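Going by our numbering, the first residue of the sequence shown is number -7, and it counts up by one from there. Every residue, glycine too, gets a C-beta built ideally from N, C-alpha and C. Being a predicted model, the structure only gives us computed values, none of them experimental.
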Amino acid sequence: MTQTRTRLERGRSALGPALALVHTGRAPTRAVLTAELGVTRATAGAVAAELEALGLIQVDSRPLGAAGAQGRPSHRLSIAPHGPVALAAQVHADGFRAALVGLGGRTVATAPGCMTVPADPAHVIDAVVEAGAQLLRETGRRCVGAGLAVPSAVAEPEGTALNPLHVAWPAGAPVRELFNRSLAAAGIRGEDGGPVTGFAGNDVNLAALAEHRHGAGGGAQHLLCVATGHRGVGGALVLDGRLHTGSAGLALEVGHLTVNPEGPPCHCGSRGCLDIEADPLAFLTAAGRDPGPEVSLLQQARDLLREEYATEPSVRAATGQLIDRLGLGLAGLVNILNPDRIILGGLHRELLEADPERLRAVVAERSLWGRSGGVPILPCTLDHNSLVGAAELAWQPVLDDPLAALGVG
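This is the structure in structure tokens:
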């Protein structure tokens, strides 16, 4: 026992890196963990045992290889199936969604809510937090923190929504402060018995973070994510595993690239921006369809594309128009950023899947780097990736220092 504790003391600084490796699927066994951390097998074993004692991972010593395989089988490492969760919340133009997300980006439970988003952000933030609190009560899970995704750039360090163009909030709405106030009022407590800490970020930034850690962006060094959700177009860049947010959290406002100089006026004051040329409303309009109030614009656009693309010429024409606009914007971003991978989310994922060669051809034709070899363009793979990314904000303190974040001495 003394030797084990001594090894753990030497490996305390490795707890966070070890948890991050298991969290992102890069250490499926103790042997891989040992190699990745650069420690002895005994120290890696002590670190894994401590993370298991904290209720964060599961260590399975059953043989991994086939019967008769040479060598001693390594212990398998996985996320504890009933471990703690982060409360993830997202506000979008058509309402909100709450979720509980565990380590590994695994969604435990979700609760959608449709509402007209009011001009006072506190009302919808209160509603999504209460939905999350109800999920916690129903599941009985421990909560390590909370994250909120919003359809706006979030200025740092203030935590304010700078340009919430597609919801009625005033510019500079203090969303992080409101989120923390609502979490405290809902009685959501952390490991130390006090209110959990809430974080806030832009929805596409958080989608990119989630996809890089758990989805289509895994392994990319310079990952560009472009997506359209319920309204507008957003972008994000992940460099060497970290979000590039600029000096104040406002980088990659790609929705305001001009892709049609003669196009309609944009909310930002320009004309023909990607934001209004390549979102669900633009698709429905180009296809000659009047959107109804029954379901979200995103769902209406997806349904139209899936059900009528093969048979309706106006839908195919609208698809081609949006692909060309999107491809022009992506080509400009490729020329500036030189990413090694592009991932597309929301309706853009469906556009890519409808005609992948057309989109890739537009990007290659219009970009220097595209012509010199091409940039992989892939669909996002995670359901509710902005929610998973919001949870990543809450999990980050645990990944940095599990003992301190969980209140363990």
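{"Query": "Let me check understanding here. Comparing Cα to Cα, which of Leu140, Ala219, Asp392 and Val120 lies closest to Ser5?", "Result": "Asp392"}
{"Query": "Quick one: grab the DSSP three-state call for His84.", "Result": "strand"}
{"Query": "Please tell me whether Ala178 and Gly151 are closer than 7 Å, where the distance is taken between their beta carbons.", "Result": "no"}
{"Query": "Have a look at Glu28 and Cys106 and give me their C-alpha separation to the nearest angstrom.", "Result": "45 Å"}
{"Query": "Please list the segments of the alpha helix (DSSP H) lying wholly inside the stretch 268 to 298, counting only runs of 4 or more residues, in order along the chain.", "Result": "272 to 278"}
{"Query": "Taking the straight line between their C-alpha atoms, what separation do you get for Gln213 and Pro368?", "Result": "13 Å"}
{"Query": "Determine the DSSP secondary structure at Ala59, reduced to helix, strand or coil.", "Result": "Reliability of the predicted coordinates at Ala59 is poor, the pLDDT of 43 falling under 50, and no value is obtained from them."}
{"Query": "Buried or exposed: Gly211, going by 16 or more other Cβ atoms within 10 Å of its Cβ?", "Result": "exposed"}
{"Query": "Report the rounded CA-to-CA distance for Arg68 versus Pro257, giving the unit in angstroms.", "Result": "56 Å"}
{"Query": "Considering only their Cβ atoms, is the gap separating Ala85 from Arg223 smaller than 7 Å?", "Result": "yes"}
{"Query": "Relative to the C-alpha of Ile334, which residue among Gly132, Ala228, Gly186 and Phe275 is closest?", "Result": "Ala228"}
{"Query": "Could you work out which residue in Ala119, Pro162, Val167 and Val136 is closest to Val142 when comparing CA atoms only?", "Result": "Val167"}
{"Query": "What is the DSSP secondary structure of His206, counted as helix, strand or coil?", "Result": "helix"}
{"Query": "Would you give the residue range spanned by the alpha helix (DSSP H) that Gln388 belongs to?", "Result": "Asn377 to Asp392"}
{"Query": "So for Asp118, helix, strand or coil by DSSP?", "Result": "helix"}
{"Query": "Name the two residues that bound the continuous beta strand (DSSP E) containing Ile315.", "Result": "Segment Pro305 to Leu329 is the alpha helix (DSSP H) holding Ile315; no beta strand (DSSP E) there."}
{"Query": "Looking only at C-alpha atoms, which of Asp232, Leu242, Ala396 and Glu384 sits nearest to Leu140?", "Result": "Glu384"}
{"Query": "Span of the alpha helix (DSSP H) holding His67?", "Result": "Per DSSP, His67 belongs to no alpha helix (DSSP H) and is neither H nor E."}
{"Query": "Leu48 and Gly75 look like a contact to me (Cβ under 8 Å); what is the Cβ gap, rounded to whole Å?", "Result": "6 Å"}
{"Query": "Looking at C-alpha atoms only, which residue of Ile180, His158, Ala279 and Val109 is the closest neighbour of Gly124?", "Result": "Ile180"}
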